[in-house]
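**Student:** The numbers in the sequence shown follow our numbering, run straight up by one, and end at 484. Before I ask anything, let me first share the structure, which is written out below as structure tokens.
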Amino acid sequence: MEKAKVYFTDFRVTMGHGLLEKLKKLIRRAGIGEIDMDRRYVAIKIHFGEPGNLAFLRPNYAKAVADVVKELGGRPFLTDCNTLYTGRRKDALEHLDAAAENGFSPLSTGCQILIGDGLKGTDDVAVPVKGGTYVKEAKIGRAIMDADVFISLNHFKGHEATGFGGAIKNIGMGCGSRAGKMEQHNGGKPSVDPELCRGCGHCLRECAHGAVSIGAGRKAAIDHNRCVGCGRCLGACNFDAISNDNPSANTELCCKMAEYAKAVVDGRPQFHISLVQDISPYCDCHSENDAPILPDIGMFASFDPVALDQACVDACLRQSPLPGTLLTDHMAAAGFHDHHDHFINTTPESEWRAALEHGEAIGLGTRDYELITL
């Protein structure tokens, strides 16, 4: 496979020229106009952000992409699927309210908003995964599969299980219905070390499935019969008291995400955009965001989601950590082991290479890319 082209521009602007204009210029230069969008439905997959989190992409960026799609004759809509965990986006009504609270509306974005898997997260389509080894049929939100063209608009940041969240995660996990998300997450079941547990109850509040309880001595416990392996409790624990019993689970999760992403994009025009800014250590699904671990880098675009993620992670690994963050806290801790990787140093139990390696192996894209700087 020949090198994929990934286009890049930084966040610098000159007087009289703004970032939104720069983003439009980037995606036009990257070739979005090569896609025939005339009267075609165009799904723009974005994460609307859990209310309380302030690291998600501003709706202004979504409008810039939607405006270009409309200029090309397309009929864009913003979309995401409902979440597996408890929160403000677990059904379409709350999801739309959450999106509106974070500033997303037809007025602010220039297009409509559709929740991909319907009211209760059950409106999905079984999509064959060509070359899949973990998933034979991915459960994808129906509205997303009904679109003629697929665009992902990604906030590139850290993630407590997958190392980082970029294009593959936004597509694979984000487009899965609630059942699809459960299928991706069910590789491992975490457990609590009672010696480290402080009984704070953060894990209890994060669990949507009643799997966590606080028992004798104010120690948490996880019922594996109820647990779906979503990993929310791992991110909630500040004391490293929760760990995954299956060390391959995060690797398996990454591989399943890649297979879900392939199901979404196979057989139709696709285009991908990642903004590497506000690089918080955890997912935008949290109702809070910690300080960015790395400086803002820029905007990337490509027809290849694997190459795009590889280019973004390479750019991040070249940066110096920002002081006063979770990353530098970990680096200063006693017994710190340097993985020479900002994402794994932030959350050592996380994994990210498997998604790119498996994505390349199944034909989702290539890790070999040419970076073209504007």
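Where a beta carbon is used, it is the ideal one built from N, C-alpha and C, also for glycine.
Could you tell me the alpha carbon to alpha carbon distance between A330 and A417, rounded to whole angstroms?
**Tutor:** 41 Å
**Student:** Which whole-angstrom value describes the C-beta separation of G469 and I278, a residue pair presumed to lie in contact below a C-beta threshold of 8 Å?
**Tutor:** 6 Å
**Student:** In this structure, how does DSSP classify G469 when only helix, strand and coil are distinguished?
**Tutor:** helix
**Student:** Ordered along the chain, which non-local residues of its own chain (more than five positions away) have a Cβ less than 6 Å from that of G325?
**Tutor:** If the five residues before and after G325 are omitted, its C-beta is found closer than 6 Å to the C-beta atoms of A331, all from its own chain and listed in chain order.
**Student:** Under three-state DSSP, which class holds D234?
**Tutor:** strand
**Student:** Any chance the region 354-361 sits against the region 460-478, with 3 or more Cβ pairs inside 8 Å?
**Tutor:** As far as the Cβ criterion goes, the region 354-361 touches the region 460-478, which means the pair count is three or higher.
**Student:** For E144, tell me which candidate among L436, D388, V178 has the shortest Cα-Cα distance.
**Tutor:** V178
**Student:** How would you label N212, buried or exposed, when you count the other beta carbons within 10 angstroms and need 16 or more for buried?
**Tutor:** buried
**Student:** In whole angstroms, what is the alpha-carbon distance linking P238 and G298?
**Tutor:** 24 Å
**Student:** Straight-line CA distance for R428 to G327?
**Tutor:** 45 Å
**Student:** Between the Cα of P405 and the Cα atoms of D419, F413, G284, I389, which residue gives the shortest distance?
**Tutor:** I389
**Student:** Roughly how many angstroms lie between the CA atoms of E369 and N280, to the nearest whole one?
**Tutor:** Rounded to the nearest whole angstrom, the CA to CA distance from E369 to N280 is 13 Å.
**Student:** Mark S412 as exposed unless 16 or more other C-beta atoms lie within 10 angstroms of its C-beta, in which case mark it buried.
**Tutor:** buried
**Student:** Just reading off the alpha helix (DSSP H) that V179 is part of, what are its end residues?
**Tutor:** 169-181
**Student:** Straight-line CA distance for L129 to N170?
**Tutor:** Straight-line Cα distance between these residues: approximately 10 Å.
**Student:** How many Å lie between A321 and H334 at the Cα?
**Tutor:** One C-alpha to the other measures close to 7 Å.
**Student:** Ordered along the chain, which non-local residues of its own chain (more than five positions away) have a Cβ less than 6 Å from that of S262?
**Tutor:** K155, A277, N280, I281, H382
**Student:** Please tell me whether I403 and T456 are closer than 9 Å, where the distance is taken between their beta carbons.
**Tutor:** yes
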